[in-house]
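Those letters in the sequence shown? Residues -24 to -1, 1 to 195, per mature numbering (1 follows the signal peptide of the UniProt record, and there is no 0), in order. Cβ coordinates follow ideal geometry from the N, Cα and C atoms, glycine included. One structure is given below, encoded as structure tokens.
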Amino acid sequence: MRYRWPALVACLLALSLAAGGLHAQWDFQRIAARAEQLYGPLGAGKPRIDAWQRLLDEQRNAGEADKLKAVNRFFNLQLRFRDDQEIWGVADYWATPVEALLRGAGDCEDYAIAKYFSLRELGVPSEKLRITYVKAVRLNQAHMVLTYYPTPTSVPLVLDNLIDAIEPATERRDLVPVYAFNAEGLWVPGPAGGKQVGDSKRLSRWQDLLKKMRAEGFP
């Protein structure tokens, strides 16, 4: 079959989108409208969502190191730390980035989740990012951070709401990794990036989070 060039380009683009090589940028007008339908008037949360959109627009062509710094700084500044019981009235709740920004608050997993999806939208590959459960030794409690792997076997960098500095995991002796996940898999800690032990479909809260984001208008 012979293709005209426009048809061929359209076909290749569709295949690339389907394979995850490219994706449409988030439609924040649609997201805000859906959020208002789901959660009511956006109120003071609307400027925070607008600021999130500006951040993504400004960082879209930046290098990965700059994207990490900008996203980490943004959410550490925009969100106040509050536990789930205080915000949502339940012991454990995984908020979408929109929910967290509307409240202007979140706990550790909400920071990590918001940073993960922001960096994915900015083009950082999923295989470089893992949401990581750790034990925070000084606090003597479970904690969650986002980790970034420059290469599959390198020491990851830690994006944390407890401190603003992005440091290698080897320098965060106050954190003991337990397990990590992203859209593609579930890992346990170990040398050379750890060992993959399954996929994230086993995590019901993660699947519930994705459903909520789709309802909010995210592709």
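Beta-carbon contacts of residue i that lie in its chain and below 6 Å, excluding the five residues immediately before and after
i      : result
Val173 : Leu162, Val164
Gln29  : Phe4
Asn52  : Asn137, Asp140
Range covered by the beta strand (DSSP E) that runs through residue i
i      : result
Tyr109 : 105 to 112
Ala8   : From DSSP, Ala8 is part of no beta strand (DSSP E) but of the alpha helix (DSSP H) over 4 to 15.
Bridge-paired residues (DSSP) for residue i
i      : result
Val164 : Lys171
Gly82  : Phe57
Gln117 : Ala112
Val134 : Thr123, Glu143
Tyr155 : Tyr109
Nearest candidate by alpha-carbon position, reference residue i, set the options
i      : options                       : result
Ala141 : Arg114, Arg79, Asp42          : Asp42
Pro153 : Lys111, Leu133, Asp68, Pro126 : Lys111
Ala168 : Pro132, Glu12, Ala90, Gly65   : Pro132
Val121 : Asp86, Val113, Glu147         : Asp86
Lys22  : Pro73, Leu185, Val47, Tyr109  : Pro73
Lys67  : Leu115, Glu40, Gly82          : Going by the sequence as given, residue 67 is Ala instead of Lys. Nearest of Leu115, Glu40, Gly82 to Ala67, Cα basis: Gly82.
Thr109 : Ala156, Ala145, Trp70         : Note that residue 109 is Tyr in the sequence shown here, rather than Thr. For Tyr109, the nearest C-alpha among the options comes from Ala156.
Leu185 : Gln1, Ala159, Arg56           : Ala159
Sequence-distant residues of the same chain with beta carbon closer than 7 Å to residue i, five excluded per side
i     : result
Leu32 : Ser94, Glu97, Leu98
Open item on the list: With a threshold of 8 Å, are at least 3 pairs of Cβ atoms found where one atom belongs to the stretch 95 to 110 and the other to the stretch 56 to 63?
Closed with: no
Open item on the list: Within 8 Å, do at least three Cβ pairs link the stretch 122 to 135 to the stretch 175 to 183?
Closed with: no
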